[in-house]
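Student: Encoded as structure tokens, here's the structure I'll be asking about.
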Amino acid sequence: MIKNAQFVISNTDYKKCPEPTKPEFAFIGRSNVGKSSLINMLTNNKNLAKTSGKPGKTQLINHFVINGNWYMVDLPGYGFAKVSKGIKSTWEKMISNYLTNRDNLVALCVLVDSRLEPQKIDLEFITWCGENDIPFILIFTKSDKQAKSKTQQNIQKFLNECVKIFGEDPQFFVTSAQSSEGKEDVLTFFDEEVKEYYDSLK
206 MIKNAQFVIS NTDYKKCPEP TKPEFAFIGR SNVGKSSLIN MLTNNKNLAK TSGKPGKTQL
266 INHFVINGNW YMVDLPGYGF AKVSKGIKST WEKMISNYLT NRDNLVALCV LVDSRLEPQK
326 IDLEFITWCG ENDIPFILIF TKSDKQAKSK TQQNIQKFLN ECVKIFGEDP QFFVTSAQSS
386 EGKEDVLTFF DEEVKEYYDS LK
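The sequence shown begins at 206 in this note's numbering and counts up by one.
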């Protein structure tokens, strides 16, 4: 359970991030996938991560310390943000440097909009994660926005694409920031992984 969530620091450089002594879970997804809303739902704090209807709101690596013993990290989205190519390539470099250099990154939570058919940009991103040995899970968002059958259909199509890439389904969760669907499952996953992380240091 999350009893306490506090903003720590924003950065553009992974080297200036907090000391990598606590387990870390980062959140990333296509612009406007509902990343900030999900973080706020999971932490019971509607003002923790900045939400915006305008894609590209998150432009930094934002660290939040949870219960004093692990980090949640809000990363810039990829995809449709209306920013210049220069800024976009700076973001991409910042994100890839962070992901490939944080030894304490336990899992990257890749958010996928469950209302959509599999998107090429999401599949390309998880393929890159696989090629770079980035441990990731999938979190399907906005499950409340359409009929359950349609959501399940889209998720299954995405998982089928994952099997083509990896030979198996990645671990995944289905969530809604509005109804809190999936909240307990995701938090249980974090709790178990945090415990495992600290157990491995003993």
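The C-beta atom is built at its ideal place from N, Cα and C for all residues, glycine as well.
1) On the CB-based measure, 16 or more other CB atoms within 10 Å of its CB, does M206 come out buried or exposed?
2) Would DSSP call G335 helix, strand or coil?
3) Identify every residue that forms a DSSP beta bridge with D318.
4) Across which residues does DSSP place Y283 in a beta bridge pair?
5) Please classify P281: is it buried, with 16 or more other beta-carbons within 10 angstroms of its beta-carbon, or exposed?
6) Between which two residues does the beta strand (DSSP E) containing N216 stretch?
7) Go to N267, then tell me how far its alpha helix (DSSP H) extends in each direction, as first and last residue.
8) Per DSSP, E229 is paired with what?
9) Taking only the alpha-carbon atoms, compute the straight-line gap between D390 and F378 and give it to the nearest angstrom.
Tutor: Walking through what the data contain:
1) Stepping through the sequence shown from its first residue, residue 206 is reached at position 1. Result: exposed.
2) By one-based count along the sequence shown, residue 335 stands at place 130. It is helical.
3) The residue you call residue 318 lines up with position 113 of the sequence shown. Looking at the DSSP assignment, D318 forms a beta bridge with T346.
4) Within the sequence shown, numbered from 1, the residue matching residue 283 stands at position 78. Paired residues: R235.
5) As a position in the sequence shown, residue 281 is number 76, starting the count at 1. When all chains shown are included, P281 counts as buried.
6) To locate residue 216, count along the sequence shown from 1; it is residue 11. DSSP places N216 inside the beta strand (DSSP E), whose first and last residues are 210 to 216.
7) In the sequence shown, the residue the question calls residue 267 occupies position 62. Judged by DSSP secondary structure, N267 falls outside any alpha helix (DSSP H) and instead within the beta strand (DSSP E) spanning 266 to 271.
8) In the sequence shown, counting from the first residue as 1, residue 229 sits at position 24. Y276, L310.
9) As a first step, residue 390 must be located in the sequence shown, where it is residue number 185. As a first step, residue 378 must be located in the sequence shown, where it is residue number 173. Cα-Cα distance, rounded: 7 angstroms.
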